Structures are given as C-alpha cells and as structure tokens.
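This report concerns only the one structure given below.
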Amino acid sequence: MQKTLSAPRRGFVLGAAALAVGAALGLASAPAAAQQAPAKLIITAIPDDGDADRMRENFGALARHLGKAVGIPVEYMHVENYAASVTALATGRAHIAWLGAVTTAQARMQMGDGLTILGCRDIDKGFVSYFIANPATGLGTVADLGELAKTAQGKGWTFTFGSKSSTSGHMMPRKYFMDQSGTTPERVFRTVAYSGSHDVVMQMVADGTYNVGALNYASWDKAADDLKARAPIIYKTPPYTNYAVTARADLGPELLGKLRAALLAVDGSTPEGAAVLKYLKAGKFIEADISEWQGYVDLLESGIDIGG
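Residue numbers for the sequence shown, in mature numbering (1 follows the signal peptide of the UniProt record, and there is no 0): -34 to -1, 1 to 274.
What follows is the structure, given as structure tokens:
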C-alpha cells in the first residue's frame, strides 16, 4: 500500500528533490565554485524590529565586523518580511542570515545540508517569551496559560501575536498556550491578530488596541519604562532555543571557518562589536549545531499554521 505524504512533508521532499537535481547538474563545476570566495558577502535578517533604520545600523555594524575579519566586504540587505529572509538565503541572494528558530527550520527544509549554523547568542539556548496585558483588563501575573484562558473566556478580549512566522512572537507562545490550556487562542479571545514586529505588539497592547499579546522578552526588556508600565508582563514561558546566525554551506569550509571564528570573537572592545551586542541583548556569541533546531522542523512538518 502506497504511503500518502502530508502536505508539509511533500513540500520538503519536493524541495529536497529539486536541490538534488540542481546539485547533479552542477556537479562538474562544484569543486571549483567551492574554492572561489565571493567578491562580496551579503547578510540579511528577519525584520523582527519595526525600525528598519535601526536594523540597518546594527546589522551594518555586524557586517563591518565580519568583513574586517575575513577580508571580504560584507553588506547588510534589508528585507520586508520573514519569508523574504529565508528566500534570500535559499536562492543565494544572501550568504548569511540572522534567523529565528522557525525561519531557521524553514531554511533547513528548503536547503537541506546547504544550510549551516555559524553560531547563536549566549541567550538563544534559553530564550523566553512574555505574555503582556493592558492594565485596563485588571490582569495580574497568572500561574500558567490555562489560568489566562479561564480568566479571558467570555470577556470579549482581543489578542495579538507578532508575525505568523515568528518563533518567539507566535509559534512558541501559541504552543505553550495550547499545551497549558487545552484550547486555542481563537476559542478564547474575540479577535486574534498578527501585528508584525515585537515592538508593535507591545505598543498596541499598551495603547489598548489589543487587550493581551505575546512577544519576545528581549524586546520588552529594552523598551522604555513608561511603555512597560502600560504593557506589564503577566506570564513568562518556559525556555526554548531560538535565533541563529545561519549561512550557506557552499561558501566552503575555509570561509565558513573564518566567519564562524569572527562571529564568536564579537565583543565590546570595538565599536562594531559593542553596538551589535547591545542591540541584540547578548553577552557574546556561542557555538551551535543545526541539530538543535530539528525540533522546529518536526513542528513545521506536523502542520502547525505559521502563515505563508
């Protein structure tokens, strides 16, 4: 009896097949290409900060640091949505990408062994999300998300996640909500929206556009005190693995080794390093392996809805 593949699995298999065909067609030139370093490297990032200029400034600093270390110009390329960052890396428009766990898993599913990890922040193996609420709800800290669901049920409250493709602004908050409450946000709240970046979620909860929301802790922690007072934390999730600095494996082991060493060497002793670490709320970058994101690949293949 023939086994029927699920839609996510079919997509993964077809993508892998396409990669295999491409590899076979380019086999003769592959060794030469592997030895040829690009004249310029492009780094991109998921736009999880609503301020594009701030992203350009700080990822530009990371690009300059990497470029100085490897002796090749590195430029930051801004993209408008999460999917575009994955596409840019998978198609070769970008060589390096700052991705969340979901987008790392998506890139892995599209690229297979063509994706590698340069490293992650020291906070990324114990990342958390916050649930926040407008003070007008009267909500205080809840013991778990089951308590939040019971309290919110029938009140007509509204809820916002960040981007559908966000690990810390959607996937993990949704997973913990469902695990702890036994239901979905859509069955509890009158409206469930997706507001994009984490700072927009916080602003919209603070100004009362939505009653409750979820975002990553780093975005809340770096916000102004008056904004925190208008969008206080009601629940902190258990920890999970999140962001990674990813790269195309076809850059070759020599260049990848230099990039990895340069990333792990980022510290506060240079203007670029200090800017990057402050912006990303990190003490340093640490080693990581692609296998640490396999759980997210499994979640995506299970059919969880993260949008297009």
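We put the CB at the ideal spot given by N, CA and C, even for glycine. Keep in mind the model is a prediction, meaning the values are calculated, not measured.
Please classify residue i as buried or exposed, where buried requires at least 16 neighbouring CB atoms within 10 angstroms.
i: GLY269; result: exposed
i: GLU191; result: According to the sequence shown, residue 191 is Asp rather than Glu. Under this definition ASP191 is an exposed residue.
i: PRO151; result: buried
i: residue 302; result: This structure gives no information on residue 302, because the portion of the chain shown stretches from -34 to 274.
i: GLY148; result: exposed
i: GLY162; result: buried
i: LYS130; result: buried
i: GLY128; result: buried
i: ASP187; result: exposed
i: SER51; result: buried
i: ALA210; result: buried
i: SER235; result: exposed
i: GLN260; result: exposed
i: ASP90; result: buried
i: GLY223; result: exposed
i: ALA(-5); result: Residue placement at ALA(-5) is poorly supported in this model, since its pLDDT is 39, which falls under 50; the coordinates are not used for a value here.
i: THR126; result: buried
i: GLY249; result: exposed
i: THR69; result: buried
i: GLY66; result: buried
i: THR107; result: exposed
Ends of the beta strand (DSSP E) at residue i?
i: GLY261; result: It is not in any beta strand (DSSP E) - GLY261 instead sits in the alpha helix (DSSP H) that spans 260 to 267.
i: SER95; result: 95 to 99
i: LYS202; result: 199 to 202
i: VAL211; result: 210 to 214
i: THR124; result: 124 to 127
i: LEU7; result: 7 to 11
Considering only the alpha carbon of each residue, which of the options lies closest to residue i?
i: ILE38; options: GLY234, TYR245 and LEU225; result: LEU225
i: TYR48; options: ASP14, MET138, ALA56 and ALA29; result: ASP14
i: SER134; options: ALA109, ASP165 and VAL108; result: ASP165
i: LYS202; options: LYS6, MET138, TRP64 and ALA241; result: MET138
i: GLU23; options: ASP216, PRO237, MET168 and ALA189; result: PRO237
i: ALA56; options: TRP259, THR82 and THR103; result: THR82
i: ILE256; options: MET21, LEU7, CYS86 and HIS61; result: CYS86
i: LYS6; options: ASN208, ALA189, ASP19 and ILE62; result: ILE62
i: ASN208; options: TYR245, VAL94 and GLY16; result: VAL94
i: ASP88; options: LEU265, GLY223, PRO198 and ALA184; result: ALA184
i: GLY58; options: THR212, GLY104, ASP145 and PHE125; result: THR212
i: LEU28; options: VAL40, GLY249 and ASP19; result: VAL40
i: ILE12; options: GLN146, GLN2 and PHE25; result: PHE25
i: LYS244; options: GLY16, MET21 and PRO4; result: MET21
i: THR103; options: VAL171, THR10, LEU32 and PHE143; result: VAL171
i: LEU111; options: VAL167, LEU105, ALA215 and GLN146; result: GLN146
Kindly indicate which three-state DSSP category residue i falls into: helix, strand or coil?
i: ALA(-12); result: Note that ALA(-12) scores a pLDDT of 39, beneath 50, so its modelled location is shaky; the value from the coordinates is reported in the next line. Of the three classes helix, strand and coil, the one that applies to ALA(-12) here is helix, per DSSP.
i: TYR160; result: strand
i: GLU41; result: strand
i: GLY179; result: strand
i: TRP186; result: helix
i: LEU84; result: strand
i: THR149; result: coil
i: LEU221; result: helix
i: PHE251; result: strand
i: ILE256; result: helix
i: residue 278; result: The requested residue 278 does not occur in the structure, where the chain is confined to residues -34 to 274.
i: ALA35; result: helix
i: ALA172; result: helix
i: ALA(-1); result: Residue confidence for ALA(-1) is low, a pLDDT of 46 falling below 50, so the modelled location carries little weight and cannot support an answer.
i: ALA18; result: helix
i: ALA29; result: helix
i: ALA(-7); result: Residue confidence for ALA(-7) is low, a pLDDT of 36 falling below 50, so the modelled location carries little weight; the figure read from the coordinates is stated next. In this structure, ALA(-7) counts as coil in the three-state DSSP scheme.
i: ASN24; result: helix
i: ILE270; result: coil
On the DSSP letters alone, give me the boundaries of the alpha helix (DSSP H) that residue i sits inside.
i: ALA67; result: 67 to 77
i: THR53; result: 48 to 57
i: THR117; result: 111 to 118
i: VAL154; result: First-last for VAL154: undefined, no H or E at that position.
i: LEU105; result: Counting along the chain, LEU105 falls outside any alpha helix (DSSP H), and DSSP gives it neither H nor E.
i: TYR245; result: 237 to 245
i: ALA195; result: 191 to 196
The region 88 to 103 / the region 169 to 188 touching (three or more Cβ pairs under 8 Å): Segments in contact, yes.
Is the region 41 to 56 touching the region 188 to 206, taking contact as three or more C-beta pairs under 8 Å? Contact between the region 41 to 56 and the region 188 to 206 is absent, because fewer than three Cβ pairs lie under 8 Å.
Pair every Cβ in the region 117 to 125 with every Cβ in the region 215 to 222, then say whether three or more of these pairs are closer than 8 Å. With a cut-off of 8 Å, the region 215 to 222 and the region 117 to 125 do not count as touching, because too few Cβ pairs lie within range.
So does the region 226 to 236 actually touch the region 64 to 77, counting three or more Cβ pairs closer than 8 Å? Under the Cβ criterion (8 Å, minimum of three pairs), the region 226 to 236 does not count as touching the region 64 to 77.
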